[in-house]
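Heads up: the structure comes next, in structure tokens.
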Amino acid sequence: MLGADGNAGKAGSGGSSEGDRRNLLDVKGLKKHFPIHGGLLGRTRGYVKAVDGIDLFIRKGETLGLVGESGCGKSTAGRTIIRLYEPTGGDIVFDDPDLGPIHLERATSKELSHVWMHMQMIFQDPFSSLDPRMSVGRIVAEPLVVRRVVKGSELNDRVATILTRVGLRPEHMSRYPHAFSGGQRQRIGIARALAVSPNLIICDEPVSALDVSVQAQVLNLLEDLQDEFNLTYLFIAHDLSVVEHISDRVAVMYVGYVVEVAPTEELFRNPKMPYTEALIGAIPPPNPRLRSRPLKLPGEVPSPANPPSGCYFHPRCQYAQDICKVERPPLREVSPGHYAACHFAETLSLRGVPALVGAAPAVSPVPVASAAAGTS
Ligand code: SF4
């Protein structure tokens, strides 16, 4: 698979192409805290730190998988990056093809309106993300009309072309979302995101609401579209096998914080953070006769409203030492292109699995929630 500039994509993404592609998106210290109101006067009593200082970057033409348990803040991170949510802190720099690098966290509404031409989102739920009162033609045409990209008869032609490209038919323009299956609805959502020819698409769990067979079709469609239109994806998911299949690199989130980032194959073979080890250790082996020995994590995921001191993972970590209870480890580069937030990333000998990069997609989804619970 080739990226935007012709660099090798998924296979062999262990670092050979590191650094020779420009970053399309650079996120530093991003925070999104939601106030907790209580009492008669509705005073602010605390904050849910849904995103609590994440760092990540995405190169042009690549797919960065963002994986984590439900409630870890991955969807909030995606929505904050695209400015559906106002960030509490941090920098979001997008390399706009027309305006150049632009700080989204302080962009004006006019600048944001322009940036959204180049940055789109595909939402998780294909049933609630489409307006049931609008025909498919209007849904896909809306961003083109709002941004005055095309008008008149050209508009219909453009919508018909996009629908055809995502596997639907031009006559579907006059129908309404209720007439379509979940997979077809997600194709409509993809068509809508694709309408304004974006560079970056934030895919927020785009296949998690779909049947497994349909997941594979939609994933393959996303990959084909990436090749054809030089797209860059931030692919948010809780399903390790999906992330493994589609991503060039993977970022793991835990309680609002990115704890490990690495090229996909490197992350699965050679994890440097104990939480990642537990997640990938719970992936069922491809051969059902082989017995897996999932690492069971004790305790529960902490609340982002009241996270533990030091390393957020320390109450559940079998390798925790005294420093882990008081000092939060920063995300740092422990080998070329491999970042981990663990005080002992260089010295721990953690167990990985051979990556299945390039294998058939999503035949055995592994929700992170069950992986973390040590079930498979
Ligand atoms: Fe475990 Fe300590 Fe590393 Fe956190 S910093 S993952 S508690 S060893």
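The sequence shown begins at 6 in the working numbering and counts up by one.
Note that CB positions come from ideal geometry on N, CA and C, so glycine has one too.
Alpha-carbon spacing of V248 relative to G44, whole angstroms: 42 Å
Unbroken stretches of the alpha helix (DSSP H), 4 residues or longer, contained in the region 166-227: 187-199
Residues near the ligand SF4, CB to any non-hydrogen atom under 6 Å, in chain order? M278, P279, C316, F318, H319, C322, Y324, A325, C329, P334, C347, H348 and F349
Any contact of the region 193-201 with the region 73-81, i.e. 3+ C-beta pairs under 8 Å? no
Endpoints, the beta strand (DSSP E) within which G95 is located: G94 to D101
Pull up the DSSP beta-bridge partners for F240, would you. G70 and C208
Identify whether L245 lies in helix, strand or coil by the three-state DSSP scheme. helix
Check whether the Cβ atoms of T237 and K33 sit closer than 7 Å, and answer yes or no. no
H319: first and last residue of the uninterrupted alpha helix (DSSP H) it sits in: Unbroken run through H319: none, as it is neither H nor E.
Less than 7 Å between the beta carbons of K54 and G261, yes or no? yes
Taking a contact to mean a Cβ-Cβ separation below 7 Å, would you say R356 touches G304 in this structure? No, the pair does not count as a contact, with Cβ atoms beyond the cut-off.
Check the DSSP bridge columns for Y344 and list the partner residues they point to. Bridge partners of Y344: V266 and E338.
When E282, V212 and E91 are compared against H250, the one with the closest alpha-carbon: V212
Should P312 and P320 be called a contact, given that it needs their Cβ atoms to be closer than 7 Å? no
Relative to the C-alpha of S202, which residue among R138, N235, P309 and H183 is closest? N235
Mind checking which residues open and close the alpha helix (DSSP H) that includes A55? First-last for A55: R48 to R64, but that is the beta strand (DSSP E), not the alpha helix (DSSP H).
State buried or exposed for K330, treating a residue as buried only when at least 16 other CB atoms are found within 10 Å of its CB. exposed
Given H243 as reference, the closest of D232, Q231 and A256 once Cα atoms are compared: A256
Residues that DSSP places opposite M139 in a beta bridge: Its beta-bridge partners do not exist; DSSP assigns none.
Nearest candidate by alpha-carbon position, reference R27, set V72, R48 and F99: F99
Per-residue DSSP class, three states only, for P307: Coil.
From V151 to G142, what distance separates their C-alpha atoms? 14 Å
Measure the alpha-carbon distance for G8 versus L109 and round it to whole angstroms. Reliability fails at G8, whose pLDDT of 35 lies under 50, so the model's placement of it is uncertain and the value that follows must be treated cautiously. About 24 Å.
Figure out for me which residue from A165, P131 and D232 has the closest Cα to the Cα of H183. P131
For S218 and L46, I'd like the C-alpha separation in whole angstroms. 51 Å
Counted within 10 angstroms of its Cβ, other Cβ atoms place Q323 as buried (16 or more) or exposed: exposed
Outcome for S133 when other beta-carbon atoms lying within 10 angstroms are tallied against a minimum of 16: exposed
N- and C-terminal bounds of the alpha helix (DSSP H) containing R84: K79 to I86
Three-state secondary structure (DSSP) at V155? Correct three-state label for V155: coil.
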